[in-house]
Every structure is written in C-alpha cells, then in structure tokens.
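Trainee:
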Amino acid sequence: MEPLIVLVVVTLAILVAGIAGVSRLRPWPVALRGGLAAMFILTGSVHFVYMRTEIIRMVPPILPYPDLIVTITGVLELAGAIGLLWRPTVTWAAGGLSLLLIAMFPANLYMAINGLATSPEDELIPRTLMQILFLSVSLTVWMFYRRHRSVRKQGNDFELSK
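Numbering (numbering that gives the first Met the number 0), first residue to last: 0 to 161.
The following block contains the structure:
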C-alpha cells in the first residue's frame with residue numbers, strides 16, 4: 000500500500016506546486032513522472048533495507064539465486080526512477096520499468112497464492128489491481144513521452160516545452 004500512497008501523494012504535490020505557480024511542474028506528465036519516480040525509489044530501496052528478506056521469499060523457488068534477483072531488480076528500479084527524472088531518458092526509463100513490472104508480477108502471484116502475504120493489500124486481488132495501476136501509469140508516461148520526442152527542453156530537464 001505504501002507504494003500506492005507515495006505515487007498518489009507525490010503526484011498530487013507536484014500538481015499543486017504547478018498550480019501554485021511553479022511553471023516547470025505544471026504539466027501533468029511531469030507530475031506523473033515525479034510520482035512514479037518517488038514510488039520506484041521507495042520500492043527499489045526496500046530491496047536492500049527493511050523488507051529484503053520478505054522480497055527474497057517472494058521469488059518463486061524455480062528461479063535460482065533469489066537474493067541476486069532481488070538485488071538486480073532493486074538496482075533496476077532505482078536506475079529507472081533516476082531515469083524518469085532526466086528528460087532525455089524518460090522514454091527508456093518508463094519503458095524499462097513497465098517491462099520490469101510485468102517481469103516481476105509472477106513473484107506477486109507466487110506470494111499471494113502461497114500464503115506469503117503479510118497484509119490484506121498483499122492478497123491476490125488488491126496486489127493485482129495495484130500492479131495494473133502501476134503498469135498503467137508507467138505506460139502512460141512512456142506513451143506520452145514517446146509521442147512527444149520532438150519536444151525539446153528549454154533549460155530544465157523537468158519541463159515540457161515546444
């Protein structure tokens with residue numbers, strides 16, 4: 000649930016800052032990028048601290064070296080979050096994070112089906128709905144910036160300008 004909260008709160012905070020006059024934060028795709036980046040900073044960080052053991056247990060036993068898999072996915076999430084914040088890499092980062100969400104979904108299924116869920120939001124239906132939302136957001140960012148590749152920055156990596 001924490002990733003969902005971070006995604007929503009940070010996205011709304013950036014939107015409010017844009018409305019309050021920070022013109023570089025005004026476009027909705029910038030707010031969505033910021034919220035998604037914050038979410039992946041959170042989820043990538045817990046691959047190394049706080050929930051590492053639980054995340055390692057989520058890796059289906061058919062896959063070798065679950066601790067290495069968790070380390071690699073954590074690094075990819077953190078790199079993707081950074082990539083979302085730098086305008087030249089937004090498309091690649093959003094696309095990569097979308098693929099990563101799809102690739103990691105079996106671990107979420109494994110956790111829910113095998114009784115490893117530690118909270119109600121980790122059960123199959125809530126977890127699946129959250130994953131669909133996260134994937135939808137990352138694909139929305141990817142599609143928007145892919146369509147607007149010709150849009151050039153003017154002095155700031157966070158702004159959209161024509």
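Note that CB positions come from ideal geometry on N, CA and C, so glycine has one too.
What are the boundary residues of the alpha helix (DSSP H) that residue 85 is part of?
Mentor: Neither: residue 85 is in no alpha helix (DSSP H) and is coded neither H nor E.
Trainee: On a Cα-Cα basis, can you pick out the residue from 107, 51 and 13 that is closest to residue 27?
Mentor: The shortest Cα separation from residue 27 among 107, 51 and 13 belongs to 13.
Trainee: Can you give the beta carbon distance from residue 96 to residue 79, rounded, assuming they're within the 8 Å contact cut?
Mentor: With a Cβ gap of about 4 Å, residue 96 and residue 79 count as contacting.
Trainee: What is the rounded straight-line gap between the Cα of residue 84 and the Cα of residue 124?
Mentor: Roughly 31 Å separates the two Cα atoms.
Trainee: Is it true that the CB of residue 77 sits closer than 8 Å to the CB of residue 43?
Mentor: Closer than 8 Å, so yes.
Trainee: Write down the C-beta distance between residue 16 and residue 24 rounded to the nearest angstrom, noting that I regard them as a contact closer than 8 Å.
Mentor: About 5 Å separates the two Cβ atoms, so the contact holds.
Trainee: Could you compute how far the alpha carbon of residue 147 sits from the alpha carbon of residue 134?
Mentor: Looking at the two C-alpha atoms, the distance is approximately 20 Å.
Trainee: By the 10 Å Cβ neighbour count, where 16 or more other Cβ atoms means buried, how is residue 152 classified, buried or exposed?
Mentor: Summary for residue 152: the model assigns pLDDT 48, below 50, so the residue's position carries little reliability; its value from the coordinates is reported in the next sentence. That one is exposed.
Trainee: In whole angstroms, what separates the C-alpha of residue 105 from that of residue 75?
Mentor: About 17 Å.
Trainee: Kindly indicate which residue of 113, 67, 36 and 4 has the alpha-carbon position closest to the one of residue 51.
Mentor: Nearest of 113, 67, 36 and 4 to residue 51, Cα basis: 67.
Trainee: Can you have a look at residue 54 and say buried or exposed, based on whether 16 or more other CB atoms are within 10 angstroms of its CB?
Mentor: Buried.
Trainee: Kindly give me the distance between the Cβ atoms of residue 65 and residue 41, rounded to whole angstroms, as I take these residues to be in contact under 8 Å.
Mentor: 21 Å between Cβ atoms; not a contact.
Trainee: Is it buried or exposed, residue 72, if we count other Cβ atoms within 10 angstroms and call 16 or more buried?
Mentor: Buried.
Trainee: Taking a contact to mean a Cβ-Cβ separation below 8 Å, would you say residue 141 touches residue 82 in this structure?
Mentor: No, the pair does not count as a contact, with Cβ atoms beyond the cut-off.
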